[in-house]
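567 is the number of the first residue of the sequence shown in our numbering; add one for each residue after it. All C-beta atoms in this analysis are idealised placements derived from N, C-alpha and C, irrespective of residue type, glycine included. It should be emphasised that the depicted structure is a prediction, and the values quoted were computed from it without experimental measurement. For reference, the structure discussed in these notes is given below.
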Amino acid sequence: MRFPPVTDLKINSEHQSTSGQLPDSIFGLEHANQILEATRPQFGPGIAPQLPNQGASTRLRKSLPGGGQWWECLLPFRHFTANDVFDSETYKELSHQFSLILETTAGKREGAYRMRRALGNNDGLVLGLTDKLGIAFSPLFTEAWLRSLAELLDLKFLPRVEGALHSNPRGSRTGWIHTDCCSAWFDESSGTMEELMFPPRGRCNYFTGQAKVPDAKPKEYIRAATMIFYLCNNGWEQGDGGETGIYSADRETEDTAVKLIPPLNNSLFLFECSPHSYHRFVTNPGRTRNSIILWLHASVHDAQARWGTAINRRDNR
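Next comes the structure, spelled out in structure tokens:
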């Protein structure tokens with residue numbers, strides 16, 4: 567497939583996987599490495615899967631559109647992992663488009679898109695997705711794919727999506743533990759609720775709702791789900807770092823359950839944003855870590871019905 571070009575637990579060695587598969591072990595929780603086989607019906611947009619709600623890790627026989635091997639894991643919070651998500655040709659094109667932007671960012675070529683330093687203490691480089699740029703990475707940003715992610719998580723789908731390209735240079739610092747369960751603002755002065763929309767970045771601040779133009783109509787949503795797709799991490803080995811760490815608490819102590827999601831090429835990590843979906847980037851001494859991230863959103867009403875006052879609400883209008 568060609569797209570339009572753009573101008574588990576890390577405690578000691580006994581627990582660490584070297585097979586190249588996604589680790590699914592959790593420290594401090596009994597039976598955390600149990601694998602349960604599940605029969606899963608044909609899956610697609612509009613067809614909600616029936617998944618067993620037991621054990622720590624369940625391998626799914628079927629996959630979302632795209633293919634691959636999928637696992638549902640319940641510890642330290644419910645999440646999904648998958649590898650070989652797309653066929654080799656589709657993955658090759660995705661990585662090619664990402665590599666072009668990396669080369670432009672490094673000054674090796676001319677191009678329309680360039681990553682910038684992230685804000686705060688984040689050492690990563692980031693480029694926010696737009697409607698136009700999303701086309702180049704369309705397998706991850708089609709409405710059918712986004713609906714499938716929502717249905718897999720048993721979430722109501724809203725056509726409001728945020729996404730970004732991330733690149734963490736070798737030696738980036740470990741991030742802070744957080745949940746992603748927070749406000750997100752979209753300008754609703756144009757378009758309809760049925761239209762798939764990225765945040766119009768020039769019209770209002772995505773995190774605070776502050777208008778950037780006089781006629782903006784910021785509307786608050788709540789982040790509902792996070793998906794991280796890993797690519798352009800050729801030759802990654804255990805010890806290189808750059809994993810996504812997930813945790814049972816908002817700080818890491820000797821009692822905290824920890825699982826590390828490795829940044830293997832053509833793999834992903836998916837979870838519902840909740841007050842307890844604790845995660846962070848883990849330092850990468852061995853090599854650069856590259857990924858594409860997206861967020862689905864829920865209405866404030868639906869999110870509050872589920873999580874009450876535990877949501878990180880932000881309103882600077």
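Task: Residues sharing a beta bridge with Asp753, DSSP - done: For Asp753, the beta-bridge partners assigned by DSSP are Pro784.
TODO: Could you check which residue in Leu641, Trp636 and Tyr844 has the C-alpha nearest to that of Asp650?
DONE: Looking at the Cα atoms, Trp636 is the closest of the given residues.
Task: Residue range of the unbroken alpha helix (DSSP H) whose run includes Pro872 - done: Reading off the sequence shown, one finds Arg at residue 872, where the question assumed Pro. First-last of the alpha helix (DSSP H) with Arg872: Val866 to Trp873.
Task: Straight-line gap, Phe889 to Tyr813 (C-alpha atoms, nearest Å) - done: Because the chain in this structure spans residues 567 to 883, residue 889 falls outside the shown range and cannot be described.
Open item on the list: As an exercise, report each continuous beta strand (DSSP E) stretch of at least 3 residues that is fully enclosed by the segment 826 to 850, in chain order.
Closed with: Counting only runs of 3 or more, we get 833 to 838 and 844 to 847.
Open item on the list: Here's the rule I'm using: 16 or more other beta-carbon atoms within 10 Å means buried, otherwise exposed. How should Ala598 be labelled?
Closed with: Because the pLDDT of Ala598 is 33, which lies under 50, any placement of that residue in the model is unreliable, and the question is left without a value.
Open item on the list: I need the straight-line Cα distance from Phe835 to Ala782, nearest angstrom please.
Closed with: So the alpha carbons of these two residues sit roughly 34 Å apart.
Open item on the list: Can you find the residues in the same chain that come closer than 8 Å, C-beta to C-beta, to Thr810, ignoring five residues on each side of it along the sequence?
Closed with: Closer than 8 Å at Cβ, skipping near neighbours: Ile794, Leu826, Ile827, Pro829, Phe835, His845, Arg846, Phe847 and Val848.
Open item on the list: Looking at Ala790: is its Cβ nearer than 8 Å to the Cβ of Ala869?
Closed with: Yes; because the gap between Cβ atoms is below 8 Å, this pair is in contact.
Task: Residue(s) in a DSSP beta bridge with Arg726 - done: Bridge partners of Arg726 according to DSSP: Met763.
Open item on the list: Cutting at 7 Å between CB atoms, please list the residues of its own chain near Asn688, excluding the five before and the five after it.
Closed with: Only Gly741 meet the Cβ criterion.
Open item on the list: Give me the residue from Thr875, Val824 and Gly805 with the minimum Cα distance to Gly852.
Closed with: Relative to the Cα of Gly852, the nearest Cα in the group Thr875, Val824 and Gly805 belongs to Gly805.
Task: C-beta neighbour in chain B for Gly874, strict 8 Å - done: Considering every chain present, this structure includes no chain B. It has just one protein chain.
TODO: Output the boundary residues of the beta strand (DSSP E) element that contains Leu693.
DONE: Run containing Leu693: Leu691 to Gly694, per the beta strand (DSSP E) assignment.
TODO: Drop a sphere of 10 angstroms on the beta-carbon of Gly874, count the other beta-carbons inside from all chains shown, and report buried for 16 or more, exposed for fewer.
DONE: Result: exposed.
TODO: To the nearest angstrom, report how far apart Tyr796 and Asp697 are at their CA atoms.
DONE: Rounded to whole angstroms, Tyr796 to Asp697 spans 21 Å at the Cα level.
Open item on the list: Quick check on the burial criterion: 16 or more other C-beta atoms within 10 angstroms. Buried or exposed for Ala678?
Closed with: Ala678 comes out exposed.
TODO: On the DSSP bridge assignment, give the partners of Met793 in chain order.
DONE: Checking the DSSP bridge columns, you'll see Met793 partnered with Leu836 and Leu860.
- [ ] Specify whether the segment 730 to 737 and the segment 751 to 763 touch according to this definition: at least 3 beta carbon pairs, one from each stretch, less than 8 Å apart.
- [x] The segment 730 to 737, when compared against the segment 751 to 763, does not touch it at the 8 Å Cβ threshold.
Open item on the list: On a Cα-Cα basis, can you pick out the residue from Asn856, Leu721, Leu715 and Glu786 that is closest to Ile877?
Closed with: Per the Cα distances, Glu786.
Open item on the list: Rounded to the nearest angstrom, what separates Glu709 and Phe764 at their Cα positions?
Closed with: Per the coordinates, the alpha-carbon of Glu709 lies some 12 Å from the alpha-carbon of Phe764.
Open item on the list: Taking the beta strand (DSSP E) that His744 belongs to, which residues open and close that run?
Closed with: Careful: His744 lies outside any beta strand (DSSP E) and carries neither H nor E.
Task: Bridge-paired residues (DSSP) for Ser733 - done: Its beta-bridge partners are Leu691 and Asn856.
Task: Spatial distance of Leu521 from Arg644 (CA atoms) - done: The structure shown does not extend to residue 521, since the chain spans only 567 to 883, so no value can be given for it.
TODO: Figure out for me which residue from Phe773, Ala684, Glu655 and Ser840 has the closest Cα to the Cα of Glu728.
DONE: Selected option, being the one with the closest Cα: Phe773.
Task: For Phe703, the first and last residue of its enclosing beta strand (DSSP E) - done: Phe703 -> no beta strand (DSSP E), and no H or E assigned at all.
Open item on the list: Considering just the uninterrupted stretch of the alpha helix (DSSP H) at Phe664, what are its terminal residues?
Closed with: Phe664 -> alpha helix (DSSP H) spans Ser654 to Thr671.
- [ ] In the DSSP assignment, find the alpha helix (DSSP H) that holds Ala648 and state where it starts and stops.
- [x] Going by DSSP, Ala648 is part of no alpha helix (DSSP H) but of the beta strand (DSSP E) stretching over His645 to Asn649.
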